[in-house]
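J.: So the sequences go chain by chain: H and B. Residue numbering for the first sequence follows our numbering, beginning at 28 and increasing consecutively. Residue numbering for the second sequence follows our numbering, beginning at 7 and increasing consecutively.
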Amino acid sequence: MTRYVLRRLLLAIPTLWGVFTIIFVLSYLMPGDPVRAVLGESYRRADPATIQRVRDRLGLDDPWYVQYGRFLGRVAQGDLGTSYVLDQPVRDVVGYRFPRTVQLMAGGMLAALLIGIPAGILAAERQYTWVDHTLMFLALVGVAMPVFWQGILAKMFLTQDKYGIALFPVAGYGGGEFIYMVLPSLVLGTHLSATIARITRSSMLDVKPQQYMVTAAAKGLSRWRLVMRHQLKNALVPVVTVIGLDVGYLMGGSVVTETVFNWPGLGRAVVTAIMRRDTPVILGTLVFGAFIFVTVNLVIDLTYAFLNPRIRYE
Amino acid sequence: MARPVDRSPMSGPEITHSRTRRSTARRVLFLAVWMAALGLLAFSLAGPPALSRVEAATAFRYPIATDPEHLDPFRSTTVATRTILINVYEGLTTFDPLTGGIKPELAESWDISPDGLTYTFHLRKGVQFQQVPGVTYEDPNVTAEDWIWSFKMFLSGDTSVSEHPEYLEAVKGAKAFTEGEAGDVEGLRALDDHTLQITLEAPNHRFLFDLVNAYVVPREAYEQLGSRFSSTPVGTGPFLFREWRRDDHITLVKNPNYWESGLPKLDTLTYVNVPDANTQLFQYRQDELDVLLDLPTGQVAALRSEFPDQYHEIPGLNVRYMGFKWTTGPFKDNRALRLAFNYAIDKDTLWNVLMEGARFPATQGVLPPAMPAADVDGYPYDPEKAKELLAEAGYPGGKGLPPITYYYFASSASEPYHAAIQSMLAKVGIPIELRSEDNTTYWSHIGEDDVHLFLSGWSADFPDPSEVFNFLFYKGRDDTKYDNPEVDAMIDQATAMTDDQARNALYQKIHEQIMEDVPWVPLAYSKVMLLVKPYVKDFHLSAAGAYRVPMKYVSIER
């Protein structure tokens, strides 16, 4: 097990280096002048001498290999650099926003599980009835509807006296209060909950005819125990796989959700940084994101061993 | 609880391992604890609730579309940073929100020498720097020396300190100081604690306007706050900085020691970051915001009828135009072609019909109508004349015309008039291609030689023609690269004129010459449009934009 972990960790190094290089090349080739963003509306008022002084300070006229070397050297030391525009180290940009994104992702995941698993169980239990058909239709709608559209609908009908019932605040972080988390979590979790519902349903149906299920039923177990302890537990392995794969989706979806609900998370920071050509923030957050993604994948692979002892890493 | 039969090794998938059932339970437990811990960690890192409900109930809630980049008075200012800074910092002069003219702020009065070179400012007495945690003053009173220190900071050539030498570049010796050739600024002198004398390199009628943005900053705050200085503004203004949650909100509170007694009237002023105009509207409808500054495109007419008593508008200081590349491409040296474009476009339909009156059609020249010298003849809609001019330009019926691409920026893409412009031009025989680019790419691109026709705009800070002429028609500074030496010379001459009437007469002449040269299609002049809740009093609109509204006079009376 230890050897497996070590090998995976070593393999992560070339993976990350490749990702960092791609990120660097893309941001280097991106059109547009960062000085323009640094000086904002002052750009067209600034005299050329000031513009040149800013270019020099940021090292924008250095050749690409000097900039690439500087970037890799910094990353190797764990230094993500300083934003051109925000006057803030990228470490602080990430440190402030990442917990909020995790909070949103955790909320989305929780909403997805709370909706998806019961829906999947119910659909499997009532296979081919109107319950099953309705739930699976809704799941299809949930998968098909884009996040921003759901966000607008949710805001329209759940926050406005004019169109519906104002149950929740329109948008914002609200200092992390629970009520502010509900709508963004629901919107972020809907897509995933639909996937989970469908996987849970089919997996439950796969397990149902197994011999041990028949045995358990023959022992006279209650329906509840039979479904919850014997059927569901065994049906969960593919669901966990889907959850693991969809962490990446949650990260992507949180970018849109954060924008729609004014959530001060990492995704919005990246989008703003790209608009402003704030290269250090773009590079720093993407490097951090790549690092997290690689780590999460490793953790998920190890989690399989916990859930299913038949899988062994030797 | 479980019945014995349930514990049989047959109950799980791990049929052959007797130990595995227990360890599976442990694994599931471990996972659950791990996930709970991660969740808790996220919550605790995210910090405690920042805005209590009680505070929210008494705060004025002001939407900002963009979170400020920083709050450093010496660094670059965008509308986002300025919106906050002008409530915390103050200059010698300020804009009068009602007239757009200049009025005294921290200078009580000033004398100007007859040659227009020496300004003597008599400083207001009893003005103190704000008392905030982490900053201690030997003497909190603002003196002439504090102004000199601040101005030298603005003029610093080190762009990690200041990016704004242009505010004070008119001062004698400023350029030498910025470029490191002199250790001191020759034109700045403290005659005594409350008298500041500034000498200029040459007479400059814009100087009092430029001083609006050159604030006095306490040296103690700069030195003692260190790296926190750029996110913790400390000045002399009506509001104290309280907190900034990035991408979320900024809270300012009343400065109890403000020099103007009885002001500010608000206890708390909260800037809420709302990037999306529709979300802003939803929040305004639910009383989560006290003003609405971004009216969503396509809903202007609907909102005017939904909120007839809350809708306000005044003419703004922004001009939107189509620029012709002056130095290369088909428009170079072809005045008739440029004129044909001007006569082919029906601005009234664009702005009053398609855009529901979101802007005023540009029926005059290149200056917003609120400025002196703005009244010149525009180019009316006349497709027949456009066809004649096209023939005169050498392209009868559009024959032989090289392909023309019209560039516009992405944030204008939601505005439906580009396709209309295309079809209006097609009607007189000019086919154009439309191309939109994201904002940062766009503004760097249109200055290049491959762009011959583009959309642009300019916001003047104050109603003076120099705000447009000196930046867009002077020595090729605009992306059109328009340059007429005769116009350059007249602009130089006008900038140095201290007599308002004579200067404005010269501006009229400059304006007429520019219209004669046809470097643009002037498209529209802006409107400042907003919704204000009926319980908000003294929200004086400013032509320079809603962000210029002096918040110290505003009160809430429910």
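Using N, Cα and C, we set each Cβ at its ideal position, and we do this for glycine too.
#1: Tell me the DSSP secondary structure of residue 412 (chain B) in three-state form.
#2: What is the rounded straight-line gap between the Cα of residue 158 (chain H) and the Cα of residue 231 (chain H)?
#3: Residues of the stretch 253 to 280 of chain B in Cβ contact with chain H at a cutoff of 9 angstroms, in chain order, please.
#4: Inspect the CB distances between the stretch 174 to 187 of chain H and the stretch 136 to 147 of chain H and report whether three or more fall short of 8 angstroms.
#5: Indicate the three-state DSSP secondary structure (helix, strand or coil) for residue 438 (chain B) in the structure shown.
#6: Between residue 280 (chain H) and the rest of its own chain, which residues show a CB-CB distance below 6 angstroms, the 5 nearest in sequence each way excluded?
#7: Is residue 81 (chain B) close to chain H? Criterion is C-beta to C-beta, closer than 8 angstroms.
#8: State the Cα-Cα distance for the pair residue 83 (chain B) and residue 67 (chain H), rounded to the nearest angstrom.
#9: Can you have a look at residue 186 (chain B) and say buried or exposed, based on whether 16 or more other CB atoms are within 10 angstroms of its CB?
#10: Let's see if you can read the secondary structure: which residues bound the alpha helix (DSSP H) around residue 218 (chain H)?
#11: Below 6 angstroms CB to CB, which residues in the same chain sit around residue 166 (chain H) once its five sequence neighbours on both sides are set aside?
#12: Grouping DSSP H, G and I as helix and E and B as strand, with all else coil, what is residue 271 (chain H)?
#13: With distances taken between CB atoms, is the gap from residue 369 (chain B) to residue 426 (chain B) smaller than 8 angstroms?
#14: Count the other CB atoms within 10 Å of the CB of residue 8 (chain H); is the residue buried (16 or more) or exposed (fewer)?
#15: Below 8 angstroms on the Cβ atoms is my contact criterion, and I expect residue 264 (chain H) with residue 148 (chain H) to pass it. Report the Cβ-Cβ distance as a whole number of Å.
#16: Our contact map puts residue 331 (chain B) next to residue 527 (chain B) with C-beta atoms below 8 angstroms; I'd like the distance itself, whole angstroms only.
#17: What do you reckon, are the CB atoms on residue 5 (chain B) and residue 524 (chain B) nearer than 8 angstroms?
#18: Could you round the C-beta distance between residue 316 (chain B) and residue 186 (chain H) to whole angstroms and report it? I think they count as a contact, below 8 angstroms.
#19: Among B:532, B:257, B:385, B:178, which has the Cα closest to the Cα of residue 522 (chain B)?
#20: Measuring straight from C-alpha to C-alpha, what distance separates residue 236 (chain B) and residue 219 (chain B)?
#21: Return the CA-CA distance between residue 247 (chain B) and residue 255 (chain B), expressed in angstroms with no decimal places.
#22: Work out the CA separation of residue 207 (chain B) and residue 79 (chain B) for me, nearest whole Å.
#23: I need the straight-line Cα distance from residue 429 (chain B) to residue 446 (chain B), nearest angstrom please.
#24: Assign residue 68 (chain B) to one of three DSSP states: helix, strand, or coil.
#25: Between residue 88 (chain B) and the rest of its own chain, which residues show a CB-CB distance below 7 angstroms, the 5 nearest in sequence each way excluded?
#26: Mind listing which residues of the stretch 67 to 84 of chain H have their C-beta closer than 7 angstroms to chain B's C-betas, in chain order?
#27: Whole angstroms is fine: what's the gap from residue 238 (chain B)'s alpha carbon to residue 206 (chain H)'s?
#28: Where does residue 219 (chain B) sit, in a helix, a strand or coil, going by DSSP?
#29: Taking 8 angstroms as the threshold (beta carbon to beta carbon), is residue 268 (chain H) in contact with chain B?
#30: Any idea if residue 350 (chain B) is buried or exposed, counting beta-carbon neighbours within 10 angstroms, 16 or more meaning buried?
#31: Do you know how far the Cα of residue 547 (chain B) is from the Cα of residue 110 (chain B)?
#32: Just checking my contact of residue 81 (chain H) with residue 454 (chain B) at CB under 8 angstroms: how many whole Å lie between their CB atoms?
#33: DSSP three-state call for residue 551 (chain B): helix, strand or coil?
#34: CB residue 309 (chain H) to CB residue 300 (chain H), shorter than 8 angstroms?
#35: Once you ignore the five residues that flank residue 131 (chain H) on each side, which residues in its own chain have a CB closer than 8 angstroms to its CB?
#36: Decide if residue 262 (chain B) is buried, meaning its Cβ has at least 16 other Cβ atoms within 10 Å, or exposed.
T.: Put simply:
#1: strand
#2: 16 angstroms
#3: 253, 254, 255, 278, 279, 280
#4: no
#5: strand
#6: 174, 215
#7: Contact of residue 81 (chain B) with chain H is assigned, a C-beta pair being separated by under 8 angstroms.
#8: Annotation: residue 83 (chain B) to residue 67 (chain H) spans about 7 angstroms, alpha carbon to alpha carbon.
#9: exposed
#10: 205 to 234
#11: 221, 224, 225
#12: Residue state, collapsed to three classes: helix.
#13: Taking 8 angstroms as the cut-off, the Cβ atoms of residue 369 (chain B) and residue 426 (chain B) do not count as close.
#14: Absent from the model: residue 8 (chain H). The displayed extent of chain H is 28 to 341, so no value can be given.
#15: Actually they do not touch by this definition, with Cβ atoms about 15 angstroms apart.
#16: Not a contact, Cβ separation roughly 13 angstroms.
#17: Because residue 5 (chain B) is not part of the residues shown, which for chain B are 7 to 564, the question remains open.
#18: 20 angstroms between Cβ atoms; not a contact.
#19: B:385
#20: Looking at the two C-alpha atoms, the distance is approximately 17 angstroms.
#21: 12 angstroms
#22: 25 angstroms
#23: In this structure, the straight-line span from the alpha carbon of residue 429 (chain B) to that of residue 446 (chain B) is close to 27 angstroms.
#24: strand
#25: Counting only residues of its own chain and dropping the five nearest sequence neighbours on each side, residue 88 (chain B) has a CB closer than 7 angstroms to the CB of 553.
#26: 67, 68, 69, 71, 72, 73, 74, 77, 80, 81, 84
#27: C-alpha separation (whole angstroms): 30 angstroms.
#28: Correct three-state label for residue 219 (chain B): helix.
#29: The beta carbon of residue 268 (chain H) sits no closer than 8 angstroms to any beta carbon of chain B.
#30: Residue burial annotation: residue 350 (chain B) is buried, with at least 16 other C-beta atoms found within 10 angstroms of its C-beta.
#31: One C-alpha to the other measures close to 19 angstroms.
#32: With a Cβ gap of about 20 angstroms, residue 81 (chain H) and residue 454 (chain B) do not count as contacting.
#33: coil
#34: yes
#35: 208, 211, 212, 215, 281, 284, 285, 290, 292
#36: exposed
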